[in-house]
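Quick note: the sequence shown uses the numbering used here, first residue 318, plus one each step.
Cβ coordinates follow ideal geometry from the N, Cα and C atoms, glycine included.
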Amino acid sequence: MTLPHNSTNLRNRVKKLYLPKTKALYPLFEVISNSIHAIQEHQILQPDFKGEIKIIAIRNGNVETLRKISNIEEYPINSFEIIDNGIGLNEENIKSFSEFDSEKKSEIRGKGVGRLICLKAFKKLSVESIYQSGFTYKMLRFDYKKSKEGFDNFEDNLTTPKTKTGTKVILENYEDNYDKYVPKSLKEIARQIITHFQLYFIQKIEPEIIITNQDDVEINLNNLFLKDFEKEIQEDSFEISNQVFKIFISKSHKVKSHKLHYCAHERTVKDEGLSKYLIDLNNKISVENQDGYFFQVFVIGDFLNKNVNESRTSFNFTLEEDEEEIDLKEITLSKIRKQTILSIEKLLNDFLKKVREEKLEVYFPIIEEEYPNYHSVIHYNRDKIEKLPADLSKQELDLKLYEIESDWRIEVKTKGIELIDKKKDITNLEEYKNLYSDFLTQFNEIGQSDLTRYVIHRRAVIDLLDKLIELNELEKFANEDIVHSLFYPIKETGKTVTTEKQNLWLLDERLTYNSLLASDKLFQHIEEIDSNSPKRSDIIIKKEEVFENATLFSEDNYPFESFTIVEFKKPERDNYKHGTYKDDPIKQVRTYIEEIIEGNQKVKGKRIEANKLTPFYCYIVADKTPSLEKILKYEGFDPTPDGLGSFKFYNTETSRAYIEVLPFKKIIKDSKQRNKILFDKLKMS
């Protein structure tokens, strides 16, 4: 045959090609791949043909010396010789060899650029091949260099006594720096070859491959695979629309992440990170006294082989589908992925179970101590909790649990709606009762979760108040506004404040229920009260006796039977003066009472019926400093049973009022005692 001509400038193609120095073994892989293809081509003509590939590692140094020494693997490798018994470089194959992106390579899903990769890392290739021409055997040989044409010293139609086809390729002399990244250990090279071609080994369609040193010590890769690799290979299969898919899971010490490979013709076409679908496969798996590894999952099947595109970069079928418009019969990558993940969960069940249990051993104590309101969430959503990422911070864990809880609430609510609809057409009463019982149980658990969250909130409020009344680094107390806002938002009214935004339960549980609130505002600026007074109370509460009278709230019914006034003072304030409106808290609240009784106050245009017989409950939140103690003594206040607070009942011709002075520490102590049983139940004491 005549000298082949490259269809483009070879030197320029090689120069433009990028091959990282760390990929120094890739040229060897390319030649082995060509050998496998040549063997497969021979097997088409002779199905029982046994393919063989021999690889010789050529090291720096004298050949005879290397053959005799015991420490040969201390010497760097500079070249490789690869010999196969494939079909040989006949006229069709040498034509394909000379063409870039050849049709023949495309047919067997090769890219046709392997020789460029070889020339990028090596100075030249020496090729010698025996092929069959008619009924005779011929030999051709040539060098392949980084020149415009590439071919050099080309000889063909040479007579040969050999009667078997095959090809020998020598990758001669690594270019600078590539050789530094070639393992010196023959076994390590053997392992990397197996890893690269593992789909051939896994499916048992690989030829016999032997690699040897110049001292004739050799490693059979087929035996090495059976000994070190096969026992760790796991496999499973599944069907989608009558198409069979197989998956294989192996371990790799060289890659940098857990990967899912969709393969065609023994090569990866598309890969994805596994951690996106299995959060527990995120980090390298550590093994004591060994290198860690990552799982590699390979999906194969005739459907994938038949539907890969020409460039072997994607597939000719739907990769992702709209779940709402899904064709039940159409095979998509999304469906293949979902089934693959299920198979992985099954094959790696023991490993994943252990990882998830270890993760929960870390999270459960945090939840128990910090977030007991999620107990029910864990009970009914354990599978979702198990699949949370590892190493979450407390704040991140709280957020993830909240997301799971929100989804659970929606599921339970949806279930309730479905049960109501189902009730219209009950055919099995017992089944319906069981479904309803399950729904009711989860519904109640959600309620308990809300209650737990509220108890946790109360504990946090008490602890924060305790902290706020301590002296800071400058021996000053917290700003009065901050303390005030902890009880009740400043400059707010009952129209804008929900139960969750105020903490008046610190003073009295009944203060949570009210029909009118005004905080830190002038009387004349409170929309609900018609008044011209410029005086200001911290909080005015017009309280409905919802417990005693079980009164329902109504726009037309205003059973305002009592009022509550709350006045806050700065912690440890000690400049009170008896009888002055500005500096006497007792006089202040009594003046507020007179304003309500004597003023023409209305709510929503309706007159408030307050008179001298209407009871007023007044709380003055203030520490009993010496100046306040003098006022209390002068007014005749009595101490509370615990001695921390003071109280007095005023029954005069103009009003009736119960006034209680509550130091901050008493509020904290009493709040803890009232909520102790709840804190104890949640182990928050």
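Legend entry - Segment contact, 8 Å Cβ cut-off, at least three pairs: the stretch 519-527 with the stretch 359-378: Taking 8 Å as the limit for Cβ pairs, the verdict is that the stretch 359-378 does touch the stretch 519-527.
Inset, instruction - Could you give the DSSP three-state label for Val499: helix, strand or coil? - result: Three-state result, Val499: coil.
Inset, instruction - Round the Cβ separation of Phe555 and Ser660 to the nearest angstrom and send it over; I've been treating them as touching at under 8 Å. - result: The pair is a contact, with the Cβ atoms about 6 Å apart (cut-off 8 Å).
Legend entry - Residue from Asp780, Lys367 and Lys986 with nearest C-alpha to Ile353: The shortest C-alpha separation from Ile353 is found at Lys367.
Inset, instruction - Could you name the residues of the same chain whose beta carbon sits closer than 8 Å to that of Ile779, not counting the 5 residues immediately before and after it, in chain order? - result: Excluding positions up to five away in sequence, the list reads Leu823, Ile985, Ser988, Lys989 and Asn992.
Legend entry - Pick from Lys886, Phe996, Val616 and Asp900 that is closest to Arg775, judged by C-alpha positions: It is Phe996.
Legend entry - Phe954 (DSSP reduced to helix, strand or coil): Coil at Phe954, not helix or strand.
Inset, instruction - Please classify Gly483: does DSSP put it in a helix, a strand, or coil? - result: Strand, per DSSP.
Inset, instruction - Between the Cα of Phe611 and those of Gly618, Glu605, Lys601 and Ile617, spot the shortest distance and give me the residue it belongs to. - result: Comparing Cα positions, the closest option is Lys601.
Inset, instruction - Please classify Asn540: does DSSP put it in a helix, a strand, or coil? - result: DSSP, read as helix, strand or coil, puts Asn540 in helix.
Inset, instruction - Classify Ser660 as helix, strand or coil using the three-state DSSP reduction. - result: Ser660 falls in the helix class under three-state DSSP.
Inset, instruction - Please name the residue in Ser446, Gly609 and Lys652 whose C-alpha comes closest to that of Glu637. - result: Looking from the CA of Glu637, the closest CA among Ser446, Gly609 and Lys652 belongs to Lys652.
Inset, instruction - Kindly confirm or deny that the stretch 354-364 and the stretch 462-472 touch, where touching means at least three C-beta pairs closer than 8 Å. - result: Flag = no, the stretch 354-364 and the stretch 462-472 do not touch.
Inset, instruction - Say whether the stretch 677-692 touches the stretch 608-624, bearing in mind that this needs 3 or more beta-carbon pairs closer than 8 Å, one atom from each stretch. - result: Judged by Cβ distances under 8 Å, the stretch 677-692 makes no contact with the stretch 608-624, as fewer than three pairs qualify.
Inset, instruction - On a CA-only basis, which of His578, Pro958 and Ile976 is nearest Phe966? Give me that one, please. - result: That would be Ile976, whose Cα lies nearest to the Cα of Phe966.
Legend entry - DSSP three-state assignment for Arg890, whether helix, strand or coil: In the three-state scheme derived from DSSP, where H, G and I count as helix and E and B as strand, Arg890 is classed as coil.
Legend entry - Neighbourhood of Glu535 by C-beta, 6 Å cutoff - its chain only, sequence neighbours within 5 removed: Cβ neighbours of Glu535 beyond the five flanking positions: Ile527 and Thr529.
Inset, instruction - Could you pull the start and end residues of the beta strand (DSSP E) that Glu556 belongs to? - result: Boundaries of the beta strand (DSSP E) harbouring Glu556: Gln551 to Ile557, taken from the DSSP string.
Inset, instruction - Can you tell me which of the three DSSP states Glu416 falls into? - result: Three-state result, Glu416: coil.
Inset, instruction - Please work out which residues of its chain come closer than 8 Å, Cβ to Cβ, to Asn539, disregarding the five sequence neighbours upstream and downstream, and give them in chain order. - result: Take Asn539, set aside five residues on each side of it, and the residues of its chain with a beta-carbon closer than 8 Å to its own are Phe518, Glu523, Glu525 and Ile526, in chain order.
Legend entry - Helix, strand or coil at Val586 according to DSSP, with G and I counted as helix: Strand.
Inset, instruction - Using three-state DSSP, classify Ser988 as helix, strand or coil. - result: Correct three-state label for Ser988: helix.
Inset, instruction - Quick one: using the 10 Å Cβ neighbour count with 16 as the cut-off for buried, is Asn402 buried or exposed? - result: The residue in question, Asn402, is buried, as its Cβ has 16 or more Cβ neighbours within 10 Å.
Legend entry - Proximity to Asn698 [Cα-Cα], best of Trp725, Gln531, Arg673 and Asn624: Selection Trp725, Gln531, Arg673 and Asn624 evaluated against Asn698 yields Trp725 as nearest (Cα-Cα).
Legend entry - Proximity of Leu664 and Gln515 at Cβ, strictly below 8 Å: No, they are not a contact pair.
Inset, instruction - Going by DSSP, name the residue or residues bridged to Tyr448. - result: Tyr448 is bridged to Lys455.
Legend entry - Candidates Lys462, Leu785 and Gln531: closest to Asn388 by CA position: Ranking Lys462, Leu785 and Gln531 by Cα distance to Asn388 puts Gln531 first.
Legend entry - Nearest neighbour of Phe542, chosen from Ser558, Lys504, Lys576 and Lys571 [CA to CA]: Among Ser558, Lys504, Lys576 and Lys571, the Cα nearest to that of Phe542 belongs to Lys504.
Inset, instruction - Look up Leu833 in the DSSP assignment and say whether it is helix, strand or coil. - result: Because Leu833 carries a pLDDT of 49, less than 50, the predicted location of this residue cannot be relied on, and the following value inherits that uncertainty. Residue state, collapsed to three classes: strand.
Legend entry - With 16 other Cβ atoms within 10 Å as the buried cut-off, status of Val380: Exposed, by the Cβ-count rule.
Legend entry - Buried versus exposed, by CB contacts within 10 Å (16 or more), Asp708: Label assigned to Asp708: exposed.
Legend entry - Span separating the alpha-carbon of Thr512 from that of Glu347: Inter-residue distance for Thr512 and Glu347 is about 14 Å (C-alpha atoms, whole angstroms).
Inset, instruction - Pull up the DSSP beta-bridge partners for Lys568, would you. - result: According to DSSP, Lys568 shares a beta bridge with Phe612.
Inset, instruction - Taking Asp473 as part of the beta strand (DSSP E), name the residues at either end of that continuous run. - result: Segment Phe468 to Thr476, the beta strand (DSSP E) holding Asp473.
Inset, instruction - Return the chain-ordered list of same chain residues with a C-beta closer than 7 Å to the C-beta of Lys982, the five sequence neighbours on each side being excluded. - result: Around Lys982: Leu961.
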